[in-house]
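Read top to bottom, the protein sequences are chains A and B. Oh and the first sequence: position 258 is 258 in full-length UniProt numbering, straight run, nothing missing. Oh and the second sequence: position 561 is 561 in full-length UniProt numbering, straight run, nothing missing. Every residue, glycine too, gets a C-beta built ideally from N, C-alpha and C.
Number of protein chains: 2
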Amino acid sequence: MDPAVRHPVLSEAELEEMAPRSQRAAPSTLTRMKKKIRCSGSVAKSLLLKFIPILGWLPRYPVKEWLLGDIVSGLSVGIIQLPQGLAYALLAGVPPVFGLYSSFFPVLLYAIFGTSRHISPGTFAVISVMVGSVTESLVPSENYRLPGNESVIDIAARDNDRVEVASALTFLVGLFQIMLGLVQVGFVVTYLSEPLIRGYTSAAAIHVTVSQMKSVLGVQISQRSHPLSLIYAFVNLCAKVPETNIASLLIGCISITVLFLVKFLNDKYSSKIRMPIPIELITLIVATGISYGASLHQVYGVDIVGEIPTGMKAPMLPNTDIFARVVGNAFAIAVVVYAFTISLAKMFGVKHGYNIDSNQELIALGLSNSIGSFFQCFTIGTAMSRSLVQESTGGHSQVASAVSSLVILIIILKAGELFETLPKAILAAVVVVNLKGIYKQFTDVPMLWRSNKFDLLVWLVTFIATILLNLDIGLAVSVAFSLLTVIFRTQKPHYSILGKVHNTDIYRDVAQFDQVQEIQGVKIFQSSCTLYFANANLYAEAVKKMCGTDVDTLIELKKKAMKKQKQLQEKAEKQMKKENKKREKELDAIVSNSPAAKEPEIQIAADYEVLEEAGLDYLGSEKCNLHSLILDLSTAGFLDTVSIKVLKNIFRDFQEIDVQVYLTGCQVYIIEQLEAGNFFSKSITKNLLFNSVHDAVTYISRTHGQQDTKGSDTCLNTKI
Amino acid sequence: MDPAVRHPVLSEAELEEMAPRSQRAAPSTLTRMKKKIRCSGSVAKSLLLKFIPILGWLPRYPVKEWLLGDIVSGLSVGIIQLPQGLAYALLAGVPPVFGLYSSFFPVLLYAIFGTSRHISPGTFAVISVMVGSVTESLVPSENYRLPGNESVIDIAARDNDRVEVASALTFLVGLFQIMLGLVQVGFVVTYLSEPLIRGYTSAAAIHVTVSQMKSVLGVQISQRSHPLSLIYAFVNLCAKVPETNIASLLIGCISITVLFLVKFLNDKYSSKIRMPIPIELITLIVATGISYGASLHQVYGVDIVGEIPTGMKAPMLPNTDIFARVVGNAFAIAVVVYAFTISLAKMFGVKHGYNIDSNQELIALGLSNSIGSFFQCFTIGTAMSRSLVQESTGGHSQVASAVSSLVILIIILKAGELFETLPKAILAAVVVVNLKGIYKQFTDVPMLWRSNKFDLLVWLVTFIATILLNLDIGLAVSVAFSLLTVIFRTQKPHYSILGKVHNTDIYRDVAQFDQVQEIQGVKIFQSSCTLYFANANLYAEAVKKMCGTDVDTLIELKKKAMKKQKQLQEKAEKQMKKENKKREKELDAIVSNSPAAKEPEIQIAADYEVLEEAGLDYLGSEKCNLHSLILDLSTAGFLDTVSIKVLKNIFRDFQEIDVQVYLTGCQVYIIEQLEAGNFFSKSITKNLLFNSVHDAVTYISRTHGQQDTKGSDTCLNTKI
């Protein structure tokens, strides 16, 4: 069996990647393959195959098995791309035809460069509204009031400028994606954790809905993107409710109901029908027909799509003057587009068993967007709903995307103008109904409440920040917050004192388990998290507190006692000298009178007794409770200078009160970091490091064996 | 022995805190004490003692032992406070006399409310320059040009406004500190890790030096705080070098040299002299004398301190209009002041064996600043150099601070005007020389390079950000960056495959140790860090990669094989049916002819063989290398939904290729989080959890015992 037939759409690069393992199964054929690649193509060819995957899979495309499915799927997707393209263009703040362009060029480019076979690239609500917030804030309608009549806006000039902004933005988005792909830092997307993405898209859906409500109500409100603009827009909208165009509202409500119902039936009977009913296309056609026939625009003042130029526009370089003002948004959009695409691509990859090259995905998206921007496309992403249609209608490969883009091409070239009388309310309905999947994400809240409160917090903060601060600043705040949660989660760890499970070498939290017993004279301390600057001081406090020994007071008492001892010693020495002198004098006078001379010595002894009672004895009676402290560092992933300093201080403080400290469970890297941080010294030797808690306990019980039994006796006495 | 004598300066609250332990040593006296407190004072009194520590320690002040030391120390510190107060006032952008006020009121207040006995509160270079950046940016000199003569600035009006800004800022700083103290969130300071603080102060020292160079050179430059303003100021300064006032420069250079030398000698012979030579005071007096005698201001144009009003000013409410504009800076300054104070206080506390109440420290600083602000003080902090003087000259308690503030009071009331002819260059020299300790921090760079690269990065980023973006934005950027390093450090952990140390139950990284052997058929995987959203996907990739098994390809092959198998089965069934029909026909024709009917079955068998070769056999030969995967989660401190999902996927993928996955070393909290996250299911049961790696290995070797020996035989064959 020839491997090329066995893996019809695996690129040669992929085959080569597989080779080391595959060799065992079928060494002869694969070795031949590899040799062939090496001989004929060399490095250049394999790079070419890596960067242009279509060269790898198209020659081996199994026409007989896949082509029909791809065509059916491509047609279905193309039919969805049309209304979505028109609708999302309005979200992006540009005339509808640019949505069609965006559903053609980038989609075709992705088919050439992409590695996912099932996702459907193209216009996407969340990304479109992000683009829209940039175009609307940089090119606000207010700036285009006609000089003579202030209430009329020069829509043509405004839209022209908006298209310019959108394509410049899209070019930058593409550029960022290519750069990220080339330097292989696709991992930035890991900062966008799932709760964040879901909270973000939920907020985006609210933004989209509010922005579409004006089309459904048939009113005009000026919308500018700034913090709290969503709230202002909503208030403005409510104020304009009395001006509602009833015809628009009716069209909107009816079409939303129809779309929703039919989509529901499509989902329900998806297993029974080969292809979902193209209800969006049907609605579009019917509505356009009615609108044209009943002259809805002229008679009822219903807002319609308006002029859709037929044919292509000549490519144009993006306006570089705009770059500086959109660079931040471009980066955010680039990352968000990638995050959606890669998660969908990986999902399908896992389902159908093929690998996704995440860096190549970035490059594919980048090329789609940056080349697309020359043709005035706005930024594309990947819509989950459309991708599911592509997969479920039998799409096997990127050919389906290519077919769908051809459908759009035909419409651009021939049928665009037919949709000129389409009411905008229909497009709004298409947008709103397509958000159904995102609205469902609100059920995340109770789910996360049960499963993970921190992730719920991330979800909620992302949602609220994005609602209040808009999609750009909201995203930045959300990412910052979700990174901060890592600090929160590690800053106040669970601290536990471990005890031994009877007759085993297992040590567990004494507070959690009943059958666990602490070892006499030994405290075993564990933190649930790694030790670093934000929790190091808390760690030290917790150690001291949980040891049940007021270490600081003990040290204080000891220092005082030492001082007192020194003073007493000095005093005694002085007195001795005095006495000696006196005695010498006495000796001079009387030759022998010893009993009197003993008096001062008794005095000193009494002083020492007072001292013992005051401090040293206190120390002694405490000490018998604790002679060893084991710090289990098995949860430590890294150490910084602050944590090393804190550990040093713990060693110093406990050694001061004659408690020996041991470290256990240090990973190799931790020991290296301890060494680099000058942790080890005369008083902290490497002999205090043990592999496991049990090793340390064994060592301690061996060395303290005798003292221990003695100690516990006195303990019982003093404890009463 | 009476406890009151034993702990002369412990507050009763402290005593009570100690009580539970102390009881054992001297139960009778302490129980009596506690009863006394409870009877007479109740909660109100103990709260009073907590919030006004002086009520606790002053009645028990050991006059005979401590008073002399405290007076000597207080005089020494007061003598230093004078020049520093005058000099740092210039840093804060206000006339020198306000530095004297700031060295009096807040210092006295701290003596009443503070719990540290050895720190010297008062003006501090870093804080003063932070205040200065606010006053200079809100009240720039440019706004005070006289209407007639543009080159002359109305200094009196400007300084008046600056004082207003400084005291409003200081009031807010105090308010923030009190609030932080009352809600007990002093822990915010843990975000200011040591490398950050040191990098920050080093940058602040550069800011201070540049701002003082204009006084030394005797030139005027307008300085406004904004990003990159330090660079502009330096460039402006260089441009003005030709205008240098030679007399000023000479005074500055000579005094810097003298101060530096004498301070060096003071340090060197600190053990031999009871009190350091008050060289700053001497320089001040000598310089003032010379300046007055030689009329330096009038003859050589040397810039002098100017009018110092005698006596106090009436207290004034801070201007609330300014609050909104300084609130961000106030918070930053509040935290920085606290960070310096608490670290010094804890250092002395450890050295002398007493406890610091960090929340009370915040309240003490807050009261000092907020009440001080009514008297036009600017924000105070704690200078390390001065505190060391206070301690080394025999200071035992807050009485030293009180004495030092009285020294300043006398100067304010009587001697202030004597310093009116003091050249500003002298004050600049005092500032610069006092930064010596901070300059030494540059040696951190090589030290950190050796010990911890990440901490070095924090140091450098903090330093550069603070230099370029100034002290306010620089601090925010630095804190954000230092928190990000936690992400960096945990995002790319070390992954290791563990093996067993011969004849022990210890498992160690096979790549690090020679005598460690992997267990046949079992991979034990460990990550050095906790598993969370930013590294979860990398973890999954690393597991798959380090297992030496191309899991994705195996799954792909398996799915293909299954599909093929299904197709073949269908084909076979069809053929069977066909054959059956044929046979039936044949049966109709000829009654018995069985051998011919067997042919198709042989065909199917052959197909299966091809299939086995292609995929299933491949799977089989891989499988014998690996039947179990152990994920050691002992380093996990918490799990989030992303990491639980990733773990689930690992289970699913490996179970797909018949590798059983086990989890070991999960802490109790981790298991709870797994449960909450719906991790366990039919295929992932709690039976797959083990206490330790060894337990899991024991279990696996028991269940796989027989298969294992069989497996390894075939393995040897296929491996060649």
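Can you give me the C-alpha to C-alpha distance between residue i and residue j, rounded to a whole angstrom?
i, j, result
"Y354/B", "R60/B", "16 Å"
"V551/A", "N537/A", "15 Å"
"M347/B", "L639/A", "22 Å"
"R583/B", "E570/B", "19 Å"
"T504/B", "Q515/B", "11 Å"
"E622/B", "A542/B", "Below a pLDDT of 50, predicted positions are generally treated as unreliable, and E622/B, at 45, falls in that range; the measurement from the model is reported next regardless. Whole-angstrom Cα-Cα distance: 18 Å."
"A25/B", "L554/A", "Summary for A25/B: the model assigns pLDDT 41, below 50, so the residue's position carries little reliability, and this model does not support an answer."
"K581/A", "L568/A", "19 Å"
"G199/B", "L58/A", "57 Å"
"V165/B", "L230/A", "36 Å"
"K436/B", "S392/B", "18 Å"
"D653/A", "L471/A", "52 Å"
"M546/A", "Q512/A", "15 Å"
"L647/B", "G677/B", "11 Å"
Under 7 Å Cβ-Cβ, which residues of chain B neighbour residue i?
i, result
"C666/A", "The premise fails here: C666/A is roughly 11 Å from chain B at the closest Cβ pair, so nothing lies under 7 Å."
"A676/A", "R450, S451, N452"
"A534/A", "T190, Y191"
Would you kindly check if the distance between the Cβ of residue j and the Cβ of residue i is under 8 Å?
i, j, result
"D455/A", "T641/B", "yes"
"L249/B", "L217/B", "yes"
"F104/B", "L422/B", "no"
"Q177/A", "G366/A", "yes"
"I285/B", "V173/B", "no"
"P53/A", "Q360/A", "yes"
"N266/B", "I282/B", "no"
"L531/A", "V693/A", "no"
With a threshold of 6 Å on Cβ separation, who are the neighbours of residue i within its own chain once the five nearest residues in sequence on each side are excluded?
i, result
"A89/A", "P96, F98, G99"
"A364/B", "Y110, F113, G114"
"H494/A", "S528"
Starting from residue i, find everything on chain A with Cβ-Cβ shorter than 8 Å and list it in chain order.
i, result
"Q512/B", "V668"
Using the beta-carbon of each residue, which ones in chain A are nearer than 7 Å to residue i?
i, result
"Y200/B", "In chain order: nothing, as chain A lies at least about 14 Å away."
"F680/B", "Within chain A, no residue comes near F680/B; the closest Cβ sits about 12 Å away, beyond 7 Å."
"N691/B", "I506"
Note down, in chain order, every chain A residue with its Cβ under 9 Å from the Cβ of residue i.
i, result
"V642/B", "T190, S193, E194, P195, D455"
"Y300/B", "Those within 9 Å of Y300/B in chain A number zero; the least Cβ separation is about 49 Å."
"G395/B", "Ordered by position in chain A, no residue passes the 9 Å Cβ test against G395/B, which lies about 17 Å from the chain."
I'd like the list of long-range same chain contacts for residue i, defined as Cβ closer than 7 Å, with 5 residues on each side in sequence excluded.
i, result
"L108/A", "A402, S405"
"N649/A", "A540"
"Q491/A", "A534, N535"
"G306/A", "E420"
"I700/B", "V522, S628"
"V432/B", "T209, Q212, I256"
Contact criterion: CB-CB distance below 8 Å. Does residue i meet it with respect to chain D?
i, result
"I684/B", "No chain D appears in the structure shown, which is made up of the protein chains A and B."
Output needed for residue i: all residues of its chain with C-beta closer than 8 Å, excluding positions within five of it in sequence on either side, in chain order.
i, result
"R702/A", "none"
"A233/A", "V210, S211, I221, Q223"
Exercise. Between the region 469-497 of chain B and chain A, which residues of the former have CB atoms less than 7 Å from a CB of the latter, in chain order?
Worked result: Per Cβ criterion, the list reads L483, L484, V486, I487, R489, T490, P493, H494.
For this session: With 7 Å as the C-beta to C-beta threshold (strictly closer), list the residues of the region 547-558 of chain B near chain A in chain order.
Result: D550, D552, T553, I555, E556
Problem set entry | the region 346-372 of chain B: positions lying closer than 7 Å to chain A by Cβ | Hits within the stretch, in order: G353, Y354, N355.
Exercise. If you measure beta-carbon to beta-carbon, which residues of the region 626-658 of chain A are closer than 9 Å to chain B?
Worked result: S634, T635, A636, G637, F638, L639, D640, T641, V642, I644, K645, N649, R652, D653
Problem set entry | Chain-ordered residues of the region 519-533 of chain A with a beta carbon less than 9 Å from chain B | Q526, S527, S528, C529, T530, Y532, F533
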